[in-house]
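One structure below.
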Amino acid sequence: MEYNRFTAGRSGYPRVRMRRNRSDEWVRRMVSEVRMGPADFIWPVFLREDDQSDSGIAAMPGVKRLTISEMVDAAGRASELGVPAIAVFPYVEAEKKTSDCEEAVSPDNLVCRAVRRLKAEVPDIGIVCDVALDPYNADGHDGLLRDGRILNDESVEMLCRQAIVQTEAGCDIIAPSDMMDGRIGAIRSALDAAGFKDTKICAYAAKYASAFYGPFRDAVGSGSFLGGDKKTYQMDPANSDEALREVALDLAEGADMVMVKPGMPYLDVIYRVKDTFGVPTIAYQVSGEYAMIKGAAANGWLDGEKAMMESLLVFKRAGCDAILSYFAIEAAERLKQDWS
Ligand code: PBG
Numbered sequence: 009m010e011y012n013r014f015t016a017g018r019s020g021y022p023r024v025r026m027r028r029n030r031s032d033e034w035v036r037r038m039v040s041e042v043r044m045g046p047a048d049f050i051w052p053v054f055l056r057e058d059d060q061s062d063s064g065i066a067a068m069p070g071v072k073r074l075t076i077s078e079m080v081d082a083a084g085r086a087s088e089l090g091v092p093a094i095a096v097f098p099y100v101e102a103e104k105k106t107s108d109c110e111e112a113v114s115p116d117n118l119v120c121r122a123v124r125r126l127k128a129e130v131p132d133i134g135i136v137c138d139v140a141l142d143p144y145n146a147d148g149h150d151g152l153l154r155d156g157r158i159l160n161d162e163s164v165e166m167l168c169r170q171a172i173v174q175t176e177a178g179c180d181i182i183a184p185s186d187m188m189d190g191r192i193g194a195i196r197s198a199l200d201a202a203g204f205k206d207t208k209i210c211a212y213a214a215k216y217a218s219a220f221y222g223p224f225r226d227a228v229g230s231g232s233f234l235g236g237d238k239k240t241y242q243m244d245p246a247n248s249d250e251a252l253r254e255v256a257l258d259l260a261e262g263a264d265m266v267m268v269k270p271g272m273p274y275l276d277v278i279y280r281v282k283d284t285f286g287v288p289t290i291a292y293q294v295s296g297e298y299a300m301i302k303g304a305a306a307n308g309w310l311d312g313e314k315a316m317m318e319s320l321l322v323f324k325r326a327g328c329d330a331i332l333s334y335f336a337i338e339a340a341e342r343l344k345q346d347w348s
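If you count the sequence shown from 1, you need to add 8 to reach this note's numbering.
Put into structure tokens, the structure is as follows:
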């Protein structure tokens, strides 16, 4: 619709009263522009080995690292609620972290074992695996570090191998979160060559060097290993034209879906991506966003449930097709109540 002085002058107050359409719950519901349901969520879950104690994640109240069996049960619950997919992240013990990240490409690492169980026991839920070296890296980085620099092409080779072991285990959506150049094309070729032509790739296309990942790094145990920051590969929060270029490249290289991360501070980026490309666009409401809402709610400063639902709905308005969120289960339960 076009707005100008002519249309505004011809049809303004008092003939027009915007509040008419807000008068009652039924009409607000009738004219609402976007809706949200459990099918919009992807649930990120942290894994631990059976013999690791669950120390909890300080900045993520309500989130625990799950053993494989606990995760299988939780995935069953997610599936019952109508949540279509689960994303698995491993807590890797210090002794398995090396600077060549070999554990990342072991077919028996925690993620691969979890994915095999999940595929066998909850076959109707989609499985998303993060492709990046950070949980396995003694240096805490997403790529290989040599002489103070992150190596691009050598890292991409490792990421391809990581994607293959995850897919062999049963992963449905490969989600490279590393921000190396050329990794989408390389992973697509590696998957195709291995006969995995239908495995989907969700590119973390516009991933920013953000302070909002702090609680996640604690959850996967990479934070204390990371010296410095990730600014030589993750994006500058000042940029959004660059995000469009990243998305264009990842799509050209074969990405099936693209992600913007973090979420709420980057709604403008989500909007531009969806508006420009019209492809499946996913937001990652990251650990720090979850922590802010939970923390404020615990202090009685916000209504936690309302803030949760609003924080998710705005992603739909901005143009998202799906949202990765630690609130997925809580929000799906809440939506179920609303409809029953
Ligand atoms: C690792 C990865 C990160 C997140 C997802 N995958 C952290 C990082 O890039 O440092 C963050 C998710 C969150 O904060 O919830 N490549």
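Heads up, the beta-carbon is just placed ideally off N, CA and C, and yes, glycines get one too.
Hey, is residue i close to the ligand PBG, as in C-beta under 7 angstroms from one of its heavy atoms?
i: LYS238; result: yes
i: ARG225; result: yes
i: ASP58; result: no
i: TYR21; result: no
i: GLY312; result: no
i: PHE220; result: yes
i: ALA251; result: no
i: TYR292; result: yes
i: ALA315; result: no
i: GLY296; result: yes
i: LYS319; result: Before going further, note that residue 319 is Ser rather than Lys in the sequence given. No - the ligand PBG has no heavy atom lying nearer than 7 angstroms to the Cβ of SER319.
i: SER232; result: no
i: SER107; result: no
i: SER185; result: yes
Measuring CA to CA, which of the options is closest to residue i?
i: VAL281; options: SER248, ILE331, GLY229; result: SER248
i: ASP132; options: ALA47, ALA194, SER232, ALA198; result: ALA47
i: ILE182; options: GLU162, ALA171, PHE220, LEU159; result: ALA171
i: GLY134; options: MET166, ALA86, ALA219, SER77; result: ALA86
i: ASP58; options: GLY303, ILE50, ARG121, SER19; result: ARG121
i: GLY303; options: MET68, GLU176, PHE224; result: MET68
i: LEU152; options: THR75, THR106, CYS179, GLY236; result: THR106
i: LEU141; options: MET188, ALA93, PRO288, LEU252; result: MET188
i: GLY178; options: ALA201, LYS127, ASP150; result: LYS127
i: SER333; options: ASP81, LEU234, TYR221; result: TYR221
i: GLU165; options: ASP155, GLY156, GLU176, ASP150; result: ASP150
i: GLY203; options: ALA211, GLN60, SER40, THR175; result: THR175
Near residue i, which residues of its chain fall below 7 angstroms by C-beta distance, leaving aside the five closest residues on each side in sequence?
i: GLU338; result: MET316
i: ARG36; result: ARG30
i: VAL255; result: ALA213, ALA214, VAL266, VAL281, PHE285
i: ALA198; result: CYS168, ALA171, ILE172
i: GLU250; result: MET243
i: ARG124; result: ALA177, GLY178
Would residue i and residue j qualify as a contact pair, given that the criterion is a beta-carbon distance under 8 angstroms?
i: VAL71; j: PRO115; result: no
i: TYR144; j: GLU111; result: yes
i: LEU55; j: TYR21; result: no
i: SER319; j: GLN293; result: yes
i: ASP62; j: VAL139; result: no
i: ALA299; j: GLY90; result: no
i: ASP264; j: ILE195; result: no
i: GLU129; j: VAL80; result: yes
i: VAL53; j: ALA95; result: yes
i: GLY148; j: LEU275; result: no
i: PRO245; j: ALA211; result: no
Once the 5 residues before and after residue i are set aside, which same chain residues still bring their CB inside 6 angstroms of it?
i: SER218; result: PRO270
i: TYR279; result: ALA326, GLY327
i: LYS324; result: VAL42, MET44
i: ALA291; result: VAL268, GLY271, ILE278, PHE323, CYS328, ILE331
i: PHE335; result: MET316
i: VAL113; result: ARG169, GLN170, VAL173
i: ASN117; result: GLU111
i: GLY231; result: ARG225
i: SER19; result: none
8 angstroms is my cut-off, CB to CB: does residue i come that close to chain B?
i: ARG23; result: As a matter of chain content, chain B is missing from the structure shown, which is built from one protein chain.
Among residues of its own chain, excluding the 5 on either side of residue i, which ones have a beta-carbon nearer than 8 angstroms to its beta-carbon?
i: LEU343; result: MET44, GLY45, PRO46
i: GLY312; result: ILE301, LYS302, ALA304, ALA305, ALA306
i: GLY229; result: TYR99, VAL100, GLU101, ALA102, PRO143
i: ASP283; result: GLY327
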